[in-house]
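Below: one structure, written as structure tokens.
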Amino acid sequence: MKNLPDLLEAGLTTLQIAVLSMVIGIVIGLALALIRMHMRGPAKWFASTWVELARNTPALFQLFFFGFGLGAIGVHLTPYTIVLAALSFNCAGYLAENFRGGFQAIPDTQLRAARSLGMTGWQAYSRIIIPQVFRIVYHPLTNQMVWAVLMSSLGMLVGFRELSGETQALASRTYRIFEYFAVTAVIYYAIVKFILGASRLLAARLFKY
Amino acid sequence: MIEIRGLEKYFGTLQVLKGIDLTVPKGEVLSIIGASGSGKSTLLYCINALEEIQAGSVKVDGTDVHAKGTDINALRQKLGMVFQQWNSFPHLTALENVALSPRIVKGKTKAEARDIAAKQLEHVGLADKLDVYPSALSGGQQQRLAIARALAMEPEYMLFDEATSALDPELVGEVLDTMRLLAEEGMTMICVTHEMNFARDVSDRVAFFHQGVIEEIDSPDKIFGAPKSEHLQKFLSNIR
Ligand SMILES: Nc1ncnc2c1ncn2[C@@H]1O[C@H](COP(=O)(O)OP(=O)(O)OP(=O)(O)O)[C@@H](O)[C@H]1O
Ligand SMILES: [Mg+2]
Numbered sequence: 001m002k003n004l005p006d007l008l009e010a011g012l013t014t015l016q017i018a019v020l021s022m023v024i025g026i027v028i029g030l031a032l033a034l035i036r037m038h039m040r041g042p043a044k045w046f047a048s049t050w051v052e053l054a055r056n057t058p059a060l061f062q063l064f065f066f067g068f069g070l071g072a073i074g075v076h077l078t079p080y081t082i083v084l085a086a087l088s089f090n091c092a093g094y095l096a097e098n099f100r101g102g103f104q105a106i107p108d109t110q111l112r113a114a115r116s117l118g119m120t121g122w123q124a125y126s127r128i129i130i131p132q133v134f135r136i137v138y139h140p141l142t143n144q145m146v147w148a149v150l151m152s153s154l155g156m157l158v159g160f161r162e163l164s165g166e167t168q169a170l171a172s173r174t175y176r177i178f179e180y181f182a183v184t185a186v187i188y189y190a191i192v193k194f195i196l197g198a199s200r201l202l203a204a205r206l207f208k209y
Numbered sequence: 001m002i003e004i005r006g007l008e009k010y011f012g013t014l015q016v017l018k019g020i021d022l023t024v025p026k027g028e029v030l031s032i033i034g035a036s037g038s039g040k041s042t043l044l045y046c047i048n049a050l051e052e053i054q055a056g057s058v059k060v061d062g063t064d065v066h067a068k069g070t071d072i073n074a075l076r077q078k079l080g081m082v083f084q085q086w087n088s089f090p091h092l093t094a095l096e097n098v099a100l101s102p103r104i105v106k107g108k109t110k111a112e113a114r115d116i117a118a119k120q121l122e123h124v125g126l127a128d129k130l131d132v133y134p135s136a137l138s139g140g141q142q143q144r145l146a147i148a149r150a151l152a153m154e155p156e157y158m159l160f161d162e163a164t165s166a167l168d169p170e171l172v173g174e175v176l177d178t179m180r181l182l183a184e185e186g187m188t189m190i191c192v193t194h195e196m197n198f199a200r201d202v203s204d205r206v207a208f209f210h211q212g213v214i215e216e217i218d219s220p221d222k223i224f225g226a227p228k229s230e231h232l233q234k235f236l237s238n239i240r
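These protein sequences, in sequence, are chains A and B. Under the UniProt record's numbering, think of the first position of the first sequence as 1, with each following residue one higher. Under the UniProt record's numbering, think of the first position of the second sequence as 1, with each following residue one higher.
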């Protein structure tokens, strides 16, 4: 199949957008979890609504919101931005809930001990609390990463040439639809296996305790 | 010197400290005894501002702990604290547990912090455990690790909140020995404790807490030999 390099390149795009949306999702998800735990009023309402919408509506609708929804009020994003925004929105919502569980699993005494040593709140969270939370949510985090890869295939519906979009484009030109999508499925499978393997290696390096 | 004046503390509507007056001069070892729920831990938390207060004041070397402008993170470096629950940081080795705050709070270099940590771990008898994670340490060793971690900040006062009461009986001795050692070295210490022998042998003074007030405070001889308050007499006879 002479288009294999194109597909592999699109596979990289898929991996890249999934990784990027995870990074954004982790940062926002942490913030949402902390806001829900420690703040009141509009900030808490905003964070809770985000989490509820991300978790309880179809990912496809979330994608269409950033595509056609914003388009309808005159905000036109590129397909890449639409997919990145939708995936990040979704990841942040799911991860916020995981992070919240992680924070609750850390005894209060850890924070007290850290503060009693003279650490600022920020130091205590960044050095003591959050590293422990990451261990607790590590598996859900890995699952979310896999989910982000698979979910990114929806990108073809807003014209984004990630792996599925590329496959669709090539397949429709050649009419060998089944073959193309079979190869693509194998590539998805390989990406997911790669992520799971990398995650295991990283865990062994990070968590020695 | 730690000076506490008219200290009152509420949790919601529950008044836990009902006007505490207490002065602890440099070099003194003060033990605090009293029934569960009488407010002993809460008093320690008010001294280093882990809890807010509703009335009165706490001064450490003249600095008002609870005043608005006070740099509490700087002040806490003077006040080492050891808690009842062992709270070693599980994701850090023993050495990293101790070296972290000298580095990030005091701004020591990595090498300096390492040296300080190694020295303090040796001080508490953990010289052979530097690279071990807390999960591989016994409760007694974790408590000594917590002491080393506090000492690494070079505090001028040490606050112990029942440092031995979560330990298996056979591990209590090693932690008390470490506390004795500190007392002999001249550290100023406030020790909330249920270990009456420790309170008697090591303290300069003993304070008896009852329902949020210091009901009696005196030398160990007087407290244990000739208790005046009825509550204290009852408390002591229940223990013996
Ligand atoms: N965070 C809190 N919120 C509400 N009430 C609290 C809180 N912490 C302590 N209390 C209450 O304050 C009172 C005094 O608690 P404190 O822990 O100071 O007692 P203690 O003398 O240290 O007892 P123990 O010997 O059991 O440790 C208790 O009635 C306790 O239930
Ligand atoms: Mg207590």
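The beta-carbon is built from N, C-alpha and C at its ideal position, and this holds for glycine as well. Keep in mind the model is a prediction, meaning the values are calculated, not measured.
- Within the model, the alpha-carbon separation for B/Ile116 versus A/Ala203 is close to 30 angstroms.
- Here B/Glu162 carries a coil assignment [DSSP, helix/strand/coil].
- If you look at B/Leu17, you'll find it in the beta strand (DSSP E) that goes Leu14 to Val24.
- Comparing alpha-carbon positions, the option among B/Glu170, B/Leu176 and B/Val98 lying closest to A/Met119 turns out to be B/Val98.
- Burial check for B/Gly6: the Cβ neighbour count within 10 Å stays below 16, so the residue is exposed.
- Between B/Ala118 and the set B/Asp131, B/Pro25 and B/Gly107, the nearest pair of CA atoms involves B/Asp131.
- Distances from the CB of B/Glu162 to the heavy atoms of ligand 1 include at least one below 7 angstroms.
- Between the segment 77-88 of chain B and the segment 95-115 of chain A, the count of C-beta pairs closer than 8 angstroms reaches three or more; the two stretches touch.
- Scanning the segment 22-95 of chain B for uninterrupted beta strand (DSSP E) segments of 3 residues or longer gives 29-34, 55-60 and 79-82, listed from N- to C-terminal end.
- By the CB criterion at 8 angstroms, B/Ser31 and B/Ser203 fall inside the cutoff.
- Distance between B/Gly62 and B/Arg144, taken at the CA atoms: about 30 angstroms.
- For the segment 86-115 of chain B, the set of residues with a beta-carbon nearer than 7 angstroms to any beta-carbon of chain A comprises Asn87, Phe89, Pro90, His91, Leu100, Ser101, Ile104 and Val105, in chain order.
- When 7 angstroms is used as the limit between beta carbons, A/Ala113 is near these residues of chain B: Phe83 and Asn87, in chain order.
- Annotation for B/Phe209: no alpha helix (DSSP H) segment contains it, though the beta strand (DSSP E) segment containing it runs Arg205 to His210.
- Annotation for A/Met145: no beta strand (DSSP E) segment contains it, though the alpha helix (DSSP H) segment containing it runs Tyr138 to Met151.
- In this structure, B/Val16 has its beta carbon at no less than 7 angstroms from each heavy atom of ligand 2.
- Distance from the CA of A/Gln168 to the CA of A/Val75, rounded to the nearest whole angstrom, comes to 27 angstroms.
- Between the alpha carbons of B/Met179 and B/Glu185 lies a gap of roughly 10 angstroms.
- Look at B/Leu7 here: in three-state DSSP terms it is strand.
- Among the CB atoms of chain B, none fall inside 8 angstroms of the CB of A/Gln104.
- A/Tyr80 is outside the set of residues whose beta carbon lies under 8 angstroms from a beta carbon in chain B.
- By the neighbour-count criterion, in which a residue is buried when 16 or more other Cβ atoms sit within 10 angstroms of its Cβ, A/Gln132 is buried.
- Of B/Gly56, B/Val29 and B/Gly27, the smallest CA-CA separation from B/Lys9 is found for B/Gly56.
- Taking B/Gln142 as the centre and dropping the five residues before and after it, the same chain places the C-beta of Trp86, Ser88 and Pro134 closer than 8 angstroms to its C-beta, in chain order.
- Short note on B/Gly37: C-beta closer than 7 angstroms to some heavy atom of ligand 1.
- Not a single C-beta of chain B is nearer than 8 angstroms to the C-beta of A/Ile26.
- For A/Asp108, the secondary structure class from DSSP, reduced to helix, strand or coil, is helix.
- Counting other Cβ atoms within 10 Å of its Cβ, B/Ile47 reaches 16 or more and is therefore classed as buried.
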